[in-house]
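Visitor:
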Amino acid sequence: MSKCDLFQQISQQVWDEISKNHKRGNRLNEEGITRNTVIGLIQDYTESQRDIDVFVQKAKKEVETGADLEVYFEAGRGKFKRILLQAKLMEPDGCFEHLDRYSGSTGRKQYDTLSSFAKEVESEAYYLMYNGYHGYKETGTDCSGNYDERQLGCAIMQIGEIKDHCEKKSTGKMGNIGSPKPFGKPWRQLSCCNQPFAKTKLYSAEEIDYDPYFKQLFSDHKSGAIEFINQKKFIDEMLTTESNKTIHVAGWNPAARIIVSENTMRKNGRGKLEL
1430 MSKCDLFQQI
1440 SQQVWDEISK
1450 NHKRGNRLNE
1460 EGITRNTVIG
1470 LIQDYTESQR
1480 DIDVFVQKAK
1490 KEVETGADLE
1500 VYFEAGRGKF
1510 KRILLQAKLM
1520 EPDGCFEHLD
1530 RYSGSTGRKQ
1540 YDTLSSFAKE
1550 VESEAYYLMY
1560 NGYHGYKETG
1570 TDCSGNYDER
1580 QLGCAIMQIG
1590 EIKDHCEKKS
1600 TGKMGNIGSP
1610 KPFGKPWRQL
1620 SCCNQPFAKT
1630 KLYSAEEIDY
1640 DPYFKQLFSD
1650 HKSGAIEFIN
1660 QKKFIDEMLT
1670 TESNKTIHVA
1680 GWNPAARIIV
1690 SENTMRKNGR
1700 GKLEL
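Here is the structure:
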């Protein structure tokens, strides 16, 4: 299975889970979809493959995390583009609620806070819309070819789209009960399409691994060897740590990070990934 196939499978599964449960009258939440379906399917993939190119870096204290995710896409040898994804779940009536909520006690709207987080860590950010509605049909075409409604199970929307809707309509509700439809474009575009990378910060494996809020993912680099410290690299890693701490304290607590590599990797005897 390719990483493109995996992203498509996740979206299909999310659509099916939401549609099935809403039809039965079962209420879901973003955390369950993120942990059990999105993260769960990636873990199934990594456990069944000898060589992997998509893997999960989980938070150390899962009880303190929410439904949100980060995705790192490799953009050149050992350099990764970072994307923040704020998850929102379609309600049983086919609408999204509370898109205009405030971020804790900050006095700022959640979409403004997400935009601020993205600027702090010099990355892109989107809303991740978990869609699913029994009986709904749709077809479309994107850079990866044709798709149906199940590819909208995981869909991405620009922060500006959410903000404009909430401010122009003076409501945090999106959708019509009488004619429900999914929102966003297929998130497979992040993995399947050869799109040019925006001019954002590129993170090294060390910068990803040294974040104290997440479990270590990669193997130790040159462990036991004597090496000269690259001053610029050291400063970059310290600045990254401070930026991560800033948004963490401000409320950005994703459940996990999804790492997407250009090439396959293997785990060593200690379960760490070899670069």
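Under this note's numbering, the final residue of the sequence shown carries the number 1704; numbering is consecutive throughout.
The beta carbon of each residue, even a glycine, is placed where N, CA and C say it ideally should be.
Since the structure is predicted, the reported quantities are computational estimates derived from the model, not experimental observations.
1. So, for C1433: in the same chain, excluding its five sequence neighbours on each side, which residues have a beta-carbon less than 8 Å away from its beta-carbon?
2. Please state whether the Cβ-Cβ distance between Y1562 and M1519 is less than 8 Å.
3. Apply the 10 Å Cβ neighbour rule to V1500 and answer buried if 16 or more other Cβ atoms are within range, or exposed otherwise.
4. Per DSSP, what are the beta-bridge partners of D1577 in this structure?
5. At a cut-off of 7 Å, is P1609 close to the ligand SAH when judged by its beta-carbon and the heavy atoms of the ligand?
6. Taking all protein chains shown into account, decide if S1608 is buried (16 or more other Cβ within 10 angstroms of its Cβ) or exposed.
7. Enumerated in chain order, which unbroken segments of the alpha helix (DSSP H) with a length of 4 residues or greater are wholly contained in the stretch 1450–1515?
8. Should the stretch 1530–1539 be called in touch with the stretch 1482–1489, which here means at least 3 C-beta pairs below 8 Å?
9. Would you call the CB atoms of E1549 and T1675 closer than 8 Å?
10. Quick check on the burial criterion: 16 or more other C-beta atoms within 10 angstroms. Buried or exposed for D1640?
11. Taking only three categories from DSSP, how would you classify E1635?
12. Less than 8 Å between the CB atoms is what I'm expecting for K1494 and A1634, so what's the real figure, rounded?
13. In the DSSP assignment, what are the bridge partners of P1615?
Guide: Looking at the atomic coordinates:
1. Within the sequence shown, residue 1433 is the residue found at index 4, counting from 1. Closer than 8 Å at Cβ, skipping near neighbours: S1573, R1617, S1620, C1621.
2. Here residue 1562 corresponds to residue number 133 of the sequence shown, with the count starting at 1. Here residue 1519 corresponds to residue number 90 of the sequence shown, with the count starting at 1. Against a cut-off of 8 Å, the Cβ pair of M1519 and Y1562 comes out as a contact.
3. Translated into positions along the sequence shown, residue 1500 becomes position 71. Burial check for V1500: the Cβ neighbour count within 10 Å reaches 16 or more, so the residue is buried.
4. For the purposes of this step, residue 1577 is taken as the residue at position 148 of the sequence shown. BP columns for D1577 point to T1568.
5. This structure does not include the ligand SAH; it has no bound ligands of any sort.
6. Along the sequence shown, read from residue 1 onward, the residue named residue 1608 stands at position 179. Classification of S1608: exposed, given that the 10 Å Cβ count is below 16.
7. Within the stretch 1450–1515, the complete alpha helix (DSSP H) runs of at least 4 residues are 1469–1477.
8. no
9. Residue numbering aside, residue 1549 sits at position 120 when the sequence shown is read from its first letter. Residue numbering aside, residue 1675 sits at position 246 when the sequence shown is read from its first letter. For E1549 and T1675, yes; Cβs fall inside 8 Å.
10. As a position in the sequence shown, residue 1640 is number 211, starting the count at 1. By the 10 Å Cβ count, D1640 comes out buried.
11. Within the sequence shown, numbered from 1, the residue matching residue 1635 stands at position 206. The answer is helix: DSSP assigns E1635 an H, G or I state.
12. For the purposes of this step, residue 1494 is identified with residue 65 of the sequence shown, where counting begins at 1. For the purposes of this step, residue 1634 is identified with residue 205 of the sequence shown, where counting begins at 1. Contrary to the premise, residue 1494 reads as Thr rather than Lys in this sequence. With a Cβ gap of about 22 Å, T1494 and A1634 do not count as contacting.
13. Locating residue 1615 in the sequence shown gives position 186, where the first residue counts as 1. Answer is A1584, bridged to P1615.
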